[in-house]
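Asker:
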Amino acid sequence: MVNILLVSHSVEIAEGTKELAEQMKQGEVEIAAVGGTEAGELGTNPDAIKSAVNEIDKSDGLIILADLGSAVMSVNMVLDWLDDEVRAKIQLADAPFVEGAVIAAVESGMGNSMEEILSSIESAEIIKKN
Amino acid sequence: MTEKSKEILDKLADVIIENKKHLTKLDSAIGDGDHGINMARGFKEVKEKINGNNYETNQELLKSVAMTLISTVGGASGPLYGTAFLYISKVIPDADFTIDSLIEIGQSAVDGIQKRGKAEQGEKTMLDAIIPAVDALKESKENGDDLEEALQKCKVKAEEGMKATIPMQATKGRASYLGERSIGHQDPGATSSYLMIKTIVDELYKYKD
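Line order of the protein sequences matches chains W and G.
Heads up: the first sequence at position 85 corresponds to 81 in our numbering, and the numbers run straight through without jumps.
If you want our numbering, it's the position in the second sequence, counting the first as 1, plus 14.
1) Do the stretch 62 to 71 of chain G and the stretch 50 to 60 of chain W meet, that is, are 3 or more Cβ pairs less than 8 Å apart?
2) Cα-Cα, which of G:Leu165, G:Gly45 and G:Lys104 is closest to G:Ala90?
3) What's the call for W:Pro42, buried or exposed, on a 16-neighbour Cβ count within 10 Å?
4) Among residues of its own chain, excluding the 5 on either side of W:Gln19, which ones have a beta-carbon nearer than 7 Å to its beta-carbon?
5) Could you check the C-alpha separation between G:Thr205 and G:Met140 for me, to the nearest Å?
6) Strictly under 7 Å for the Cβ-Cβ distance: is G:Lys107 near chain W by that measure?
7) For my contact list, G:Val215 and G:Lys169 are in at a C-beta cut-off of 8 Å; report their separation, rounded to the angstrom.
8) Should W:Ala97 be labelled buried (16 or more other beta-carbon atoms within 10 Å of its own) or exposed?
9) In whole angstroms, give me the CA-to-CA distance for G:Glu32 and G:Gly50.
10) With a threshold of 7 Å on Cβ separation, who are the neighbours of W:Ile123 within its own chain once the five nearest residues in sequence on each side are excluded?
11) How far does the alpha helix (DSSP H) with G:Asn65 in it extend, from its first residue to its last?
12) Measuring CB to CB, does G:Ile30 end up less than 7 Å from G:Glu217?
13) Report the residues of the stretch 92 to 106 of chain G with a CB closer than 8 Å to any CB of chain W, ordered along the chain.
14) With distances taken Cα to Cα, identify the nearest neighbour of G:Ala109 among G:Ser207, G:Glu17 and G:Glu162.
15) Contact check, G:Lys167 vs G:Ala150 under 8 Å by CB: the rounded distance?
16) If the criterion is Cβ atoms closer than 7 Å, does the pair G:Thr86 and G:Gly56 meet it?
17) Does the beta carbon of G:Gly89 come closer than 7 Å to any beta carbon on chain W?
18) Could you tell me whether the Cβ of G:Lys130 comes closer than 7 Å to any Cβ of chain W?
19) Residues in the same chain with beta-carbon distance under 8 Å from W:Ser66, minus the five sequence neighbours each way, listed in chain order, please.
20) Which chain G residues are close to W:Asp43, counting only those with a beta carbon under 7 Å from its beta carbon?
21) Quick one, are the C-beta atoms of G:Ile106 and G:Leu83 less than 7 Å apart?
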């Protein structure tokens, strides 16, 4: 199953979004959340992102959702440090954080591939409210 | 040589820490108000790290600075300056600096920051102070300036570049969310970049003889 890593400036946003996505997931989808600095303040901690990427199972693919600026930048930096073989299993999604996480959790649970999930969560349709 | 570089970096850290409030005030106007706090935290760790370790080469020293900033800053300036120092570590010589090696160092910083931030000159970022400084060094090389002249011009251009961010509208980073309201404020990233360039130039001056 495609697993999901959530990276936010805020540990509450990361954990809260994980909780929301887990409510919808079927099966064994693994969702990890990283937020805030080492001191627990708003910000990002590349070391924590790196550990989370290393720990989570990536055999069927890993989708990362990040919120703003330094979260995106830190994720890209950590991805640059990986071996090509591992790197190829991971995609940082161009998707809204909350909607992306929930839909990715649902689709992964249905057994969809990483490409199928990305195509859903990167679609503009998912942010429409009207 | 690493002792000299260590002293320069130690001074650079002091200057950033001294400017904590100034940088945070600038960032409060157009960003999330944490630039000074983040930078001061990162450079405090840098001071402890470099003063507590011995380095065989400048490459090792700069790499250590880079990894410390990446791990401890917590905001976008961590990956940005961290990657800049990482790129610098790949080209920095152990011999005395020349205009050529300074150009290579400056260009590596620009490349590192662009790799992470994907910004160009004129977007109200740290690059608006650094790129003119590197361009000044390149111009000095063409004009045949000596190192002292080249360093002075480099510092002046970095300051002009920093001030030139005031009328700019930000198109990268948090400030870009403000649109036109970002105009009229000096960019905090360009300011911290200028402070670093100024400190490096002033410190190199001390050693010129």
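Even glycine gets a Cβ: it sits at the ideal position worked out from N, Cα and C.
Computed from a predicted structure; not experimentally measured.
Answerer: Based on what the coordinates show:
1) no
2) Of G:Leu165, G:Gly45 and G:Lys104, the residue nearest in Cα terms is G:Gly45.
3) With at least 16 other beta carbons inside 10 angstroms of its own, W:Pro42 counts as buried.
4) none
5) 7 Å
6) Here the sequence assigns Pro to residue 107 of chain G, which means Lys is not the residue at that position. Not an interface residue.
7) 4 Å
8) buried
9) 9 Å
10) Pro92 and Glu95
11) His49 to Asn65 is the span of the alpha helix (DSSP H), which, as asked, contains G:Asn65.
12) Inclusion of G:Ile30 and G:Glu217 in the CB contact set at 7 Å is not warranted, their separation being larger than that value.
13) Gly92, Pro93, Leu94, Gly96 and Thr97
14) G:Glu17
15) 5 Å
16) yes
17) yes
18) Here the sequence assigns Arg to residue 130 of chain G, which means Lys is not the residue at that position. Taking a beta-carbon distance threshold of 7 Å, G:Arg130 counts as an interface residue toward chain W.
19) His5, Gly39 and Thr40
20) Ser85
21) no
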